[in-house]
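Number of protein chains: 2
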Amino acid sequence: MTRQKADLLQGTLDMLILKAVSLGPLHGYGIIQRLRQMSGEMLEVEQGSLYPALYRIEQKGWVSSKWEVNETNRRAKFYALTRAGRRQLEDEEASWDRLVLAIAKVRQTT
Amino acid sequence: MTRQKADLLQGTLDMLILKAVSLGPLHGYGIIQRLRQMSGEMLEVEQGSLYPALYRIEQKGWVSSKWEVNETNRRAKFYALTRAGRRQLEDEEASWDRLVLAIAKVRQTT
DNA sequence: TACCATGCTTTGACTTTCTAGGCATACTCG
DNA sequence: CGAGTATGCCTAGAAAGTCAAAGCATGGTA
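Sequence order for the protein chains is Z and E. Under the working numbering, the first residue of the first sequence carries the number 4, and numbering increases by one thereafter. Under the working numbering, the first residue of the second sequence carries the number 4, and numbering increases by one thereafter.
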């Protein structure tokens, strides 16, 4: 299928997840909601994208997870940013800034 | 392997190619050089990424190609932006701007 | 002659994301 | 009590894009 306008670009999802979790431990479903809210309804992450990403990110040691009971009395797996995750977030943000800058340079070339 | 800092994000390459070609018809090898220059040496597109992308983009009708002889007396396939390509470039730039904005919003959330 | 820069192409692997489901539990409302 | 809805996690399969690493050919130069 053709890529939809709202779709994420490969490589940005990890940064967004890490950023969302950096504001406090959160479970998967909540991450989707928080990202939607943080982006002003501009981003809608699919569950089928999020959960594999969370697994991947946890394997890399950037988040840790714990089963807990949330505020509505349901079991949910809460993810928290690790120290390595914070470093990774900073790295990814720096890379993102570089890319945005590089593309801006290309675009302003006449 | 881990993604390198300088790597492109999937989905941005088409926009960059279209932009490079929008400044005048150019062959593949030259596109790489022009993009490197336009980005202030920040972007280095691999040949193995560029040529498949050019093929894809031509299939979609966003560029047309013609074998010609370049200024150094070598045969080279020159790509030119089509009308549809210009529209596509505008669309991709708008999508890019939206994504950059959305991510900026996420990042400025405290 | 040998080499180097230019120029196009292909192959295979890899990663990420999306679509499209399935499964389970808590709560609410008729 | 029963049905529906929102919440919450997970997986399989496919699609797509990018990269690394090659190969091949030609023109100019030492």
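Glycine included, each C-beta is placed from N, C-alpha and C at the ideal position.
- Do Ala105 of chain Z and Gly43 of chain E have their CB atoms nearer than 9 angstroms? Against a cut-off of 9 angstroms, the Cβ pair of Gly43 of chain E and Ala105 of chain Z comes out as a contact.
- Task: Taking C-beta pairs closer than 7 angstroms, name the residues in chain E that Ser42 of chain Z reaches, listed in chain order.
- Result: The CB of Ser42 of chain Z comes closer than 7 angstroms to the CB of Ala105, Lys108, Val109 in chain E, given here in chain order.
- Pick out whichever of Z:Asp100, Z:Arg110, Z:Asn76 has its Cα sitting closest to the Cα of Met18 of chain Z. The residue among Z:Asp100, Z:Arg110, Z:Asn76 with its C-alpha nearest the C-alpha of Met18 of chain Z is Z:Asp100.
- Query: Going by beta carbon distance, what residues of the same chain come within less than 6 angstroms of Val109 of chain E, once the five residues before and after it are set aside?
  - Reply: The answer is none, since no qualifying residue turns up.
- Message: By DSSP's criteria, Glu2 of chain E is part of a beta bridge. Which residues make up the other side?
- Response: The question about residue 2 of chain E has no answer, for chain E in this structure spans 4 to 113.
- Item | Inter-residue Cα distance where the pair is Leu21 of chain Z and Gly33 of chain Z | Cα-Cα distance, rounded: 13 angstroms.
- Task: Check the Cβ-Cβ distances between Ala23 of chain E and every residue of chain Z, and say whether any is below 9 angstroms.
- Result: At least one chain Z Cβ lies under 9 angstroms of Ala23 of chain E.
- Query: Is it right to say Trp65 of chain E is buried, meaning 16 or more other beta carbons lie within 10 angstroms of its own, or is it exposed?
  - Reply: Label assigned to Trp65 of chain E: buried.
- Coil, strand or helix - Ser98 of chain E by DSSP: Helix at Ser98 of chain E.
- Query: Around the Cβ of Leu16 of chain E, are there at least 16 other Cβ atoms within 10 angstroms (buried) or fewer (exposed)?
  - Reply: Leu16 of chain E comes out buried.
- Task: Please determine, among E:Ser25, E:Leu11, E:Val24, the residue with the shortest C-alpha to C-alpha distance to Glu47 of chain E.
- Result: Among E:Ser25, E:Leu11, E:Val24, the Cα nearest to that of Glu47 of chain E is on E:Leu11.
- Task: In angstroms with no decimal places, state the Cα-to-Cα distance between Met41 of chain Z and Asp94 of chain E.
- Result: Roughly 24 angstroms between the two C-alpha positions.
- Query: Name the chain Z residues whose beta carbon is nearer than 9 angstroms to that of Glu96 of chain E?
  - Reply: Simply Arg110.
- Please report the residue range of the alpha helix (DSSP H) in which Met41 of chain E lies. Per DSSP, Met41 of chain E belongs to the alpha helix (DSSP H) from 31–41.
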